[in-house]
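J.: Have a look at the structure that comes next, please.
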Amino acid sequence: MQEKGVLTDDDIIRRIRSGESSAFGELVDRYKDKAMSLAVRLLKHEEDAEDALQEAFVKAYTSLGTFRNDSAFATWFYRIVYTTCLNTLKRKGRGQPLAEFQEDNMSGGLDSVGRESLDSEMVDRVISEALAVMHPIYASIMDLFYVQECSYDEIVSITRLPLGTVKTRLNRGRHVLRVALLQKIPDLESWLINE
Amino acid sequence: MADQRVNNDQDPWLREHIRAASKFSTTPDFRQRVLRDVSESNRAVARRTRRIATIVLLSGVIIFTVAIVMMISMLSPTTTFRLPLEGSSAVDTAIGFVCAVVFGLATADWLDGYV
């Protein structure tokens, strides 16, 4: 018999389908924090993100009958989280038009970091700030690629965007990060060489 | 150097920093709230299923009863409750049948509130 810790998503889904609805708690534990990151990147507000995530989990549970195993559960579930967050943005009228996005958003926040205090945590802080103000359409793709470790095809399937658009948004997101890093950490180049 | 590292989508350096900068967690009672919503949704589905079953059952009983009454009234030569079926067209019969179904469903739905 398999131990609880090594159950696959499919095993858990089989248990839920056979009437053991409490097994859904294991899926919640498995995905809540990672999916929270995607929701925060889209909604820019932790409470709203948690509410949207709660809604997404309930939708996933009630739609589990329509999950056909033709993709990974994670891809299917992130699609639900993604659309739920987009709906929340529309409902709240916070869908900021793309044209309003300014790289100047990066200028606030952290002061420039001197070489003597530069360490890995500083880079994390700068990236965290940059992602926090990055437009959701870029930040969400960055999250799916780097945090959720989705492939390009999986991101296409989650966002229903063309592959070219996904790659463009990913490049744009990286460009924003590079600008932020170089702006906040003037010594980044030499630090990277020495790292 | 920064260009190379940031632009290379396979460079683990950027991935590690983005992941470190993306550590979010839900509130401690999140799991309970989701499971509570899930069990409420289960109960709602069960309620809806029971309600549909009750309506179908009651409407079936009512339609069956109406059909029996109609048959008795047609077969009995002395009944005063004779429905005007003789000489009626197929359209009249169809309308009568639809009315009986609607009446059955409406009554069953109304009765469902008391079941």
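Protein chains in written order, with my numbering: chain A, -1 to 193; chain B, 85 to 199. Glycine is no exception: its CB is placed at the ideal position from the N, C-alpha and C atoms.
Hey, out of A:Asn67, A:Thr64, A:Lys88, A:Lys165, whose CA is closest to Ala137 (chain A)'s CA?
T.: Proximity to Ala137 (chain A) across A:Asn67, A:Thr64, A:Lys88, A:Lys165 peaks at A:Lys165, based on C-alpha coordinates.
J.: Consider the Cβ of Met120 (chain A): report whether some Cβ of chain B lies at a distance smaller than 8 Å.
T.: No, its Cβ sits nowhere closer than 8 Å to a Cβ of chain B.
J.: Going along chain B, which residues have a C-beta under 8 Å from Leu40 (chain A)?
T.: Those do not exist, as Leu40 (chain A) stays about 12 Å from chain B at its closest Cβ, beyond 8 Å.
J.: Per DSSP, what kind of secondary structure is Met132 (chain A) in: helix, strand or coil?
T.: Correct three-state label for Met132 (chain A): coil.
J.: What number of angstroms, rounded off, separates the C-alpha of Asp8 (chain A) from the C-alpha of Phe71 (chain A)?
T.: 8 Å
J.: Strictly below 8 Å CB to CB, what residues from chain B border Val26 (chain A)?
T.: Correct list: Phe114, Arg115, Val118, Leu119.
J.: Roughly how many whole angstroms lie between the Cα atoms of Ala128 (chain B) and Ser20 (chain A)?
T.: Going by C-alpha positions, Ala128 (chain B) is about 17 Å away from Ser20 (chain A).
J.: Less than 7 Å between C-beta atoms, sequence neighbours within five positions excluded: which residues of the same chain meet that for Ile147 (chain B)?
T.: If we look at Ile147 (chain B) and ignore the five residues flanking it on each side, its Cβ neighbours are Ala184, Val185, Gly188.
J.: Mind checking whether Leu41 (chain A) and Thr86 (chain A) have CB atoms under 8 Å apart?
T.: yes
J.: Buried or exposed for Ile136 (chain B), going by 16 or more other Cβ atoms inside 10 Å?
T.: exposed
J.: Sort A:Met140, A:Gly91, A:Ile125 by Cα distance to Leu180 (chain A) and report the nearest one.
T.: A:Ile125
J.: Consider the Cβ of Gln52 (chain A): report whether some Cβ of chain B lies at a distance smaller than 8 Å.
T.: Yes, Gln52 (chain A) counts as interfacial toward chain B.
J.: Are the C-beta atoms of Phe65 (chain A) and some chain B residue less than 8 Å apart?
T.: no
J.: What would DSSP say about Arg55 (chain A), mapped onto helix, strand or coil?
T.: Here the sequence assigns Phe to residue 55 (chain A), which means Arg is not the residue at that position. Here Phe55 (chain A) sits in helix by DSSP.
J.: Apart from the five residues on each side of it in sequence, which residues of its chain come closer than 8 Å, Cβ to Cβ, to Pro160 (chain A)?
T.: Val154
J.: Using the beta-carbon of each residue, which ones in chain A are nearer than 8 Å to Arg103 (chain B)?
T.: Tyr144, Val145
J.: Chain A partners of Thr110 (chain B), CB-CB under 8 Å?
T.: Simply Lys30, Asp31, Met34, Glu48, Leu51.
J.: Grab the span of the alpha helix (DSSP H) containing Ser155 (chain A) for me, first residue to last.
T.: 150 to 157
J.: Using a cut-off of 7 Å between C-beta atoms, extract the partners of Val122 (chain B) located in chain A.
T.: Ser19, Phe22, Val56, Tyr59
J.: For the region 101 to 120 of chain B and the region 41 to 56 of chain A, state whether three or more C-beta atom pairs, one from each stretch, are separated by less than 8 Å.
T.: Between the region 101 to 120 of chain B and the region 41 to 56 of chain A there are three or more inter-stretch CB-CB distances shorter than 8 Å, so the stretches are counted as touching.
J.: Between Asn169 (chain A) and Arg134 (chain B), what straight-line distance do the alpha-carbon atoms span, to the nearest angstrom?
T.: 53 Å
J.: Ordered along the chain, which non-local residues of its own chain (more than five positions away) have a Cβ less than 7 Å from that of Arg167 (chain A)?
T.: Ile135, Tyr136, Ile139
J.: Any Cβ of chain B within less than 8 Å of the Cβ of Ile10 (chain A)?
T.: no
J.: Which residues in chain B sit within 7 Å of Ser126 (chain A), going by Cβ to Cβ distance?
T.: Ala105
J.: Around the Cβ of Val26 (chain A), are there at least 16 other Cβ atoms within 10 angstroms (buried) or fewer (exposed)?
T.: buried
J.: Looking only at C-alpha atoms, which of A:Ala178, A:Glu48, A:Gly17 sits nearest to Ala128 (chain A)?
T.: A:Ala178
J.: Considering only the alpha carbon of each residue, which of B:Arg131, B:Phe181, B:Ala105 lies closest to Met154 (chain B)?
T.: B:Phe181
J.: Go through the region 24 to 82 of chain A residue by residue and report every complete run of the beta strand (DSSP E) that reaches 3 residues or more, in order.
T.: none
J.: Quick one: measure Cβ to Cβ for Val69 (chain A) and Asp141 (chain A), integer angstroms, because I've assumed they're closer than 8 Å.
T.: Strictly speaking, residue 69 (chain A) in this sequence is Ser, with Val absent from that position. Ser69 (chain A) to Asp141 (chain A), Cβ: 18 Å. No contact.
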